[in-house]
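Trainee:
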DNA sequence: GCTAAACGGGGAGACGGTCCCCGGTTATTT
DNA sequence: AAATAACCGGGGACCGTCTCCCCGTTTAGC
């Protein structure tokens, strides 16, 4: 903690500039390919898309899960950012919620779900931290709309996020771009169903954050 | 065409009873496993679940696509049946639509989409026949609700079916049963958004059957 | 310009899915 | 009930694919 340019204790001499750049390009490429082709795309393909050799991928990430985790955290951060922006809006509370949902869908929150599977540490520190940020912010956005009497009160955080994730999932298999044509229509329809007053009585109870965690 | 017991021209001496039974069990097991594990489950696993040897699977279906096609047709038939029942209901038109949606979701129409990929003949006679039946019936159910002024008129067949398929997709990876807990809640929310009068203006135009076909 | 870190491509190794083979079993026919 | 032919089941060979290491070459940083 002496100088800003050499903060870490020796032994970590600071990575090279191009190394950092490559790492970032890998994460970006991985996010795109996970969304398009699913969570099982060969790492070699990701490397090619990123414009690097396959060895560079395996150097930066000890195993597939490490890469997946980084991608998931990245998407969560973007989602949290979208929620924060929605919170900053001072106008219509439900309008802010709507805007958040459409932006989050474009970030492909969807891609996360298929990956949280099998050998994957859901309790990794980085993950819980990112998750908590998102939950906190989205919950606030929803609460404000609820207070304003615009959001029906029998729905929870989990209802919103799961439905958005499901609706924004690509049709699996192809990177068919047509899904985007439908996606925002269907999100809007779902949002219309979310408005107060409720037009029906829902089965079960509101899905909370805790429900998702242990699911 | 002489007697009913020997209708086929010779050379097809009629399959044995247990052979038919096995074929049926394979299709059932395949539907379950496709829904739970995705369209790439090993055929050997399907055979085990069906309680038959793997050779029996390969004997009955020349290749994977043939099995997938049979499963898809089977699900479509069930869906068409659900739609027909909804049409037969004489009460509330929108209520019939709701009931159809919830039943169709339980049939896992969802499982179809991930399979319509890569090497798969979308124009196989059996498929188009089943598809046309479903389209016809569902369109009628929707039209009746629309006429009754209960269904917003800026949505089409494609909007309904794609959204239902997406919402009823299992979270991919695990056969986590919790999804069923959410599923019907989210379907109901979506249906609420479908009701007239429209609570917002949708982006794009109504998704028709033709849109889906060439997508 | 020198040094060491980082890169890239090729290929070995391993895993998993598909499909065939053949001895045993079961449904049908007379 | 016996004969017969279709059908079944499990084991294993073949093949494509993904992972990951190796090593000669390049490039950033001083």
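Protein chains in written order, with the UniProt record's numbering: chain D, 1 to 215; chain F, 1 to 215.
For glycine and all other residues, C-beta sits at the position ideal for the given N, C-alpha and C.
Give the DSSP-derived three-state secondary structure of residue 20/D in the structure shown.
Mentor: The answer is helix: DSSP assigns residue 20/D an H, G or I state.
Trainee: So the candidates are 82/F, 87/F, 89/F; which of them puts its Cα closest to the Cα of residue 102/F?
Mentor: Across the set 82/F, 87/F, 89/F, the C-alpha of 82/F shows the shortest separation from the C-alpha of residue 102/F.
Trainee: Any beta carbon of chain D sitting closer than 7 Å to that of residue 93/F?
Mentor: no
Trainee: Is it the case that the Cβ atoms of residue 68/F and residue 107/F are separated by a distance below 7 Å?
Mentor: No, they are not a contact pair.
Trainee: Where does residue 195/F sit, in a helix, a strand or coil, going by DSSP?
Mentor: In the structure shown, residue 195/F sits in a strand (DSSP, three-state: E or B).
Trainee: Would the region 85-102 of chain D and the region 147-167 of chain D be scored as touching if the rule is three or more Cβ pairs under 8 Å?
Mentor: yes
Trainee: Beta-carbon of residue 163/F versus every beta-carbon of chain D: anything under 7 Å?
Mentor: yes
Trainee: Can you check whether the CB of residue 80/F is closer than 7 Å to the CB of residue 99/F?
Mentor: no
Trainee: Would you give the residue range spanned by the alpha helix (DSSP H) that residue 164/F belongs to?
Mentor: 157-167
Trainee: Would you mind sorting residue 143/D into buried or exposed? The rule is 16 or more other CB atoms within 10 Å of its CB.
Mentor: exposed
Trainee: Would you mind working out which of 130/F, 160/F, 78/F, 77/F sits nearest residue 182/D, comparing C-alpha positions?
Mentor: 160/F
Trainee: If you measure from the beta carbon of residue 150/D to each beta carbon in chain F, is any gap under 7 Å?
Mentor: no
Trainee: Mind checking which residues open and close the alpha helix (DSSP H) that includes residue 100/D?
Mentor: 93-106
Trainee: Which two residues bound the contiguous alpha helix (DSSP H) that contains residue 72/F?
Mentor: From DSSP, the alpha helix (DSSP H) with residue 72/F extends over 64-88.
Trainee: Run through chain F and tell me which residues come within less than 7 Å of residue 181/D, C-beta to C-beta.
Mentor: 204
Trainee: Sort out for me which residues DSSP pairs residue 151/D with in a bridge.
Mentor: Its beta-bridge partners are 195/D.
Trainee: If we define contact as Cβ-Cβ less than 7 Å, is residue 10/D a contact residue for chain F?
Mentor: Only weak support exists for where residue 10/D lies, its pLDDT of 45 falling under 50; the value from the coordinates is given anyway. For residue 10/D, the answer is no, since every Cβ of chain F falls outside 7 Å of its Cβ.
Trainee: Do residue 203/F and residue 185/D count as a contact pair if the criterion is CB distance below 7 Å?
Mentor: yes
Trainee: Against residue 159/F, what residues of chain D qualify as contacts under a CB-to-CB distance less than 9 Å, listed in chain order?
Mentor: 182, 185, 186, 189
Trainee: Could you tell me if residue 21/D is buried or exposed, where buried requires 16 or more neighbouring beta carbons within 10 angstroms of its beta carbon?
Mentor: exposed
Trainee: May I ask you to verify whether the region 19-39 of chain D touches the region 54-61 of chain D, counting CB pairs closer than 8 Å and requiring at least 3?
Mentor: yes
Trainee: Helix, strand or coil for residue 202/D per DSSP?
Mentor: coil
Trainee: With 7 Å set as the bound, which would you pick, yes or no: does the beta-carbon of residue 72/D sit closer than that to a beta-carbon of chain F?
Mentor: no
Trainee: Using only the alpha-carbon positions, how far apart do residue 47/D and residue 196/F sit?
Mentor: 50 Å
Trainee: Thinking C-beta only, is residue 105/F closer than 7 Å to residue 164/F?
Mentor: yes
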